[in-house]
Amino acid sequence: MPADATVAPAPFVLEETETREGKFAGSDPFALAQAWLEEAFAAEINDGNAMSLATVDADGMPNSRMVLLKEIEGAAAPSGGAFMFYTNYGSAKGRELAATGKAALLLHWKSLRRQVRVRGVVEKEDGPQADAYYASRGLQSRLGAWASEQSRPLSSRGHLMGEVAKIAARHPLNPPRPPFWGGFRVRPVEIEFWADGAHRLHDRFQWRRESPEARTWTVRRLNP
-6 MPADATVAPA
4 PFVLEETETR
14 EGKFAGSDPF
24 ALAQAWLEEA
34 FAAEINDGNA
44 MSLATVDADG
54 MPNSRMVLLK
64 EIEGAAAPSG
74 GAFMFYTNYG
84 SAKGRELAAT
94 GKAALLLHWK
104 SLRRQVRVRG
114 VVEKEDGPQA
124 DAYYASRGLQ
134 SRLGAWASEQ
144 SRPLSSRGHL
154 MGEVAKIAAR
164 HPLNPPRPPF
174 WGGFRVRPVE
184 IEFWADGAHR
194 LHDRFQWRRE
204 SPEARTWTVR
214 RLNP
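For what it's worth, the numbering used here labels the leading residue of the sequence shown as -6, then goes sequentially.
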């Protein structure tokens, strides 16, 4: 190694009792999740980035739905690492996330026989990053984001398509991002990596830390 070369420090401090190997190896859970996600894109037929998002409403009743993971922010990002998705802020999930500030995610890949579970705190991404992602979407998807009062009652599909037409007439080429639509990032305090094992003796490694700002993760194997 050249004398002036530097070695990047490990992104996190790990406290663990077992050496992890193979698909579980690594000192950065965000890099590990990204590696698994890239494998999933190659293995799954559709939507390797599909994930379940769980929230609770004002009565404590849980809700779960599928959304698309759009980015895993790494440890070097200002967030310190997060899982990003986008939605209508006025939707049921948007309102519930705003009220509690917490969420759980689950990515499950049947082809790989693996899953990643995430629990953490939530914050909005309502700035240039959201603008850039919105602009990258197809025109019809951008118009649809304006037209849909997501999660609200709808009289008919014809009414929805009429609203899309109105928005298209108003913004025929380059609609701006709606003020009620943007991103959420989940900054985890817990990530679990799960892989199928013979005879249902699965491998599970749980990463936990005290807060999204903490640099120390406790990594432990869990019973299947």
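We treat Cβ as the ideally placed atom computed from N, Cα and C, and that holds for glycine.
With distance defined between alpha-carbon atoms, name the residue in the options nearest to residue i.
{"i": "E183", "options": "F198, W174, P171 and G83", "result": "F198"}
{"i": "M59", "options": "A68, S45 and E142", "result": "S45"}
{"i": "F5", "options": "G87, A69 and Y126", "result": "A69"}
{"i": "F177", "options": "Q122, T12 and S57", "result": "Q122"}
{"i": "W210", "options": "E185, R193 and P217", "result": "E185"}
{"i": "R135", "options": "G19, D40, R208 and V157", "result": "V157"}
{"i": "K16", "options": "Q108, M154, Y126 and P181", "result": "Q108"}
{"i": "Y127", "options": "E206, W174 and T10", "result": "W174"}
{"i": "D124", "options": "K159, G19, P171 and A75", "result": "P171"}
{"i": "E118", "options": "I160, A33 and E64", "result": "E64"}
With 16 other CB atoms within 10 Å as the buried threshold, where does residue i fall?
{"i": "D21", "result": "buried"}
{"i": "A191", "result": "exposed"}
{"i": "R145", "result": "exposed"}
{"i": "P71", "result": "exposed"}
{"i": "I38", "result": "exposed"}
{"i": "L215", "result": "exposed"}
{"i": "L100", "result": "buried"}
{"i": "M77", "result": "buried"}
{"i": "E89", "result": "buried"}
{"i": "L166", "result": "exposed"}
{"i": "L62", "result": "buried"}
{"i": "M(-6)", "result": "Interpretation of M(-6) is limited by its pLDDT of 46, a score under 50 that renders its predicted location unreliable; the figure taken from the coordinates is listed afterwards. Burial call: exposed."}
{"i": "N81", "result": "buried"}
{"i": "P181", "result": "buried"}
{"i": "L98", "result": "buried"}
{"i": "L147", "result": "exposed"}
{"i": "G41", "result": "buried"}
{"i": "L132", "result": "exposed"}
{"i": "G94", "result": "exposed"}
{"i": "K86", "result": "buried"}
May I ask you to report which of helix, strand or coil DSSP gives residue i?
{"i": "A189", "result": "Note that residue 189 corresponds to Asp in the displayed sequence, not to Ala. Of the three classes helix, strand and coil, the one that applies to D189 here is coil, per DSSP."}
{"i": "P217", "result": "coil"}
{"i": "K159", "result": "helix"}
{"i": "Y127", "result": "helix"}
{"i": "H101", "result": "strand"}
{"i": "A(-4)", "result": "Summary for A(-4): the model assigns pLDDT 48, below 50, so the residue's position carries little reliability; its value from the coordinates is reported in the next sentence. If DSSP states are grouped into helix, strand and coil, A(-4) belongs with coil."}
{"i": "P4", "result": "coil"}
{"i": "R150", "result": "helix"}
{"i": "P181", "result": "strand"}
Check for me: the alpha helix (DSSP H) holding residue i runs from which residue to which?
{"i": "L136", "result": "L132 to A140"}
{"i": "N11", "result": "Before going further, note that residue 11 is Glu rather than Asn in the sequence given. Element bounds for E11: n/a, residue is neither H nor E."}
{"i": "E15", "result": "Correcting the residue identity first, residue 15 is Gly in this sequence and not Glu. No alpha helix (DSSP H) holds G15; DSSP gives it neither H nor E."}
{"i": "L61", "result": "Taken as a continuous stretch (DSSP letters only), L61 belongs to no alpha helix (DSSP H), being part of the beta strand (DSSP E) at P55 to L61."}
{"i": "G87", "result": "A85 to T93"}
{"i": "A35", "result": "P22 to A36"}
For residue i, report the span of its beta strand (DSSP E) as first-last.
{"i": "A75", "result": "A75 to N81"}
{"i": "L46", "result": "A43 to V49"}
{"i": "D196", "result": "D196 to R201"}
{"i": "R110", "result": "R107 to E118"}
{"i": "E66", "result": "E64 to E66"}
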